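Numbering (UniProt numbering), first residue to last: 1 to 305.
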Ligand SMILES: NC(=O)c1ccc[n+]([C@@H]2O[C@H](COP(=O)([O-])OP(=O)(O)OC[C@H]3O[C@@H](n4cnc5c(N)ncnc54)[C@H](OP(=O)(O)O)[C@@H]3O)[C@@H](O)[C@H]2O)c1
């Protein structure tokens, strides 16, 4: 099988495709024939050797990516809830960008893909969907709330704004003006980020909660507008002004992924895909992602040859 991997930390140029034997699932594991693997910023934060790698004890040589969708094609001893042929999506930590991967079903979330949800979109729900779901849940959003989503057009933001709207909240989302029409279509009040954001938020009547996906500006604006610390989450810069990230409980992740998949399968949740590439172009897709202005998700199609 083909496997995207790197032997040293570095930019996308360190990524290479190697041929390896298919991995075999051990006890408690299943093997997935990967059809789609979505990209996340944490992938490049790991392969470039930032704290995202060192804090997890990750050292090359190692694989790339986390989010997979495909079909179970081998089942290890003791796994009874999944069978060969089941469509699944979930986490394969540092081993997503390869034709086959092995997942430990006790420690990594892997759930069934419902009919009506294709593999490309299913793969987009794993890290971004779980994070959007957990952030909106932690903020306990509902009718009468107005939430600021700073960085509303990215992989997490575009799902967070929709989940917040589904819970009845008013959403103010920041994005580059070229993305405003897409946010307005979700019922979002779209404003530019950057200089003057606080004045724009005041002009809209302020906010009760903040989901910060980009840096710290949304949290600083929330503080200026009197939003309590417990009604803010910050996923890009953890701990700014004491504001926490999102919880990563595995049981909750499985339930969240199943709920997100059902919403996406029936069309309630839009999962915008910015681009699909073959494995040989994954390094270029990471370069684009590292530019920081992708709307929705970039995905590697492992079936494209
Ligand atoms: N569990 C976790 O803690 C967790 C999980 C997922 C992600 N994250 C982190 O959260 C961040 C966002 O992830 P993602 O997947 O959504 O990234 P992404 O898909 O790359 O989206 C980035 C978005 O940031 C927006 N942006 C760029 N400059 C901005 C600015 N100055 N102010 C506000 N928004 C700006 C861009 O919007 P425009 O195109 O409109 O400019 C773009 O859509 C990353 O740092 C990622 O590592 C953490």
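Heads up, the beta-carbon is just placed ideally off N, CA and C, and yes, glycines get one too.
As the structure is a prediction and not an experimental result, all values here were calculated from the model.
Assigned exposure category for residue i - 16 Cβ within 10 Å defines buried
| i | result |
| --- | --- |
| residue 19 | exposed |
| residue 228 | exposed |
| residue 247 | exposed |
| residue 84 | exposed |
| residue 8 | exposed |
| residue 91 | buried |
| residue 157 | buried |
Closest by C-alpha distance to residue i, when choosing among the options
| i | options | result |
| --- | --- | --- |
| residue 189 | 102, 151, 2, 64 | 151 |
| residue 271 | 125, 98, 223, 14 | 125 |
| residue 38 | 62, 7, 57, 129 | 129 |
| residue 294 | 13, 40, 117 | 40 |
| residue 94 | 173, 87, 59 | 59 |
| residue 213 | 101, 196, 235 | 235 |
| residue 288 | 115, 131, 260, 154 | 154 |
| residue 168 | 176, 141, 191 | 141 |
| residue 47 | 33, 64, 120, 275 | 64 |
| residue 183 | 195, 197, 164, 194 | 164 |
Assumed close pair residue i, residue j - CB separation to whole angstroms, cut-off 8 Å
| i | j | result |
| --- | --- | --- |
| residue 28 | residue 79 | 6 Å |
| residue 147 | residue 199 | At roughly 19 Å, the Cβ-Cβ gap does not stay under 8 Å, so residue 147 and residue 199 are not in contact. |
| residue 299 | residue 273 | 6 Å |
| residue 249 | residue 276 | The pair is not a contact, with the Cβ atoms about 31 Å apart (cut-off 8 Å). |
Closer than 7 Å: residue i CB and nearest ligand 1 heavy atom
| i | result |
| --- | --- |
| residue 155 | yes |
| residue 174 | yes |
| residue 289 | yes |
| residue 216 | no |
| residue 21 | no |
| residue 292 | yes |
| residue 300 | no |
| residue 213 | yes |
| residue 235 | yes |
| residue 240 | no |
Range of the contiguous beta strand (DSSP E) that encloses residue i
| i | result |
| --- | --- |
| residue 123 | Unbroken run through residue 123 is the alpha helix (DSSP H), 119-124; no beta strand (DSSP E). |
| residue 14 | Element bounds for residue 14: n/a, residue is neither H nor E. |
| residue 95 | From DSSP, residue 95 is part of no beta strand (DSSP E); its letter is neither H nor E. |
| residue 234 | 232-234 |
| residue 297 | 297-301 |
Residue range of the unbroken alpha helix (DSSP H) whose run includes residue i
| i | result |
| --- | --- |
| residue 259 | 250-265 |
| residue 197 | 197-203 |
| residue 138 | 127-138 |
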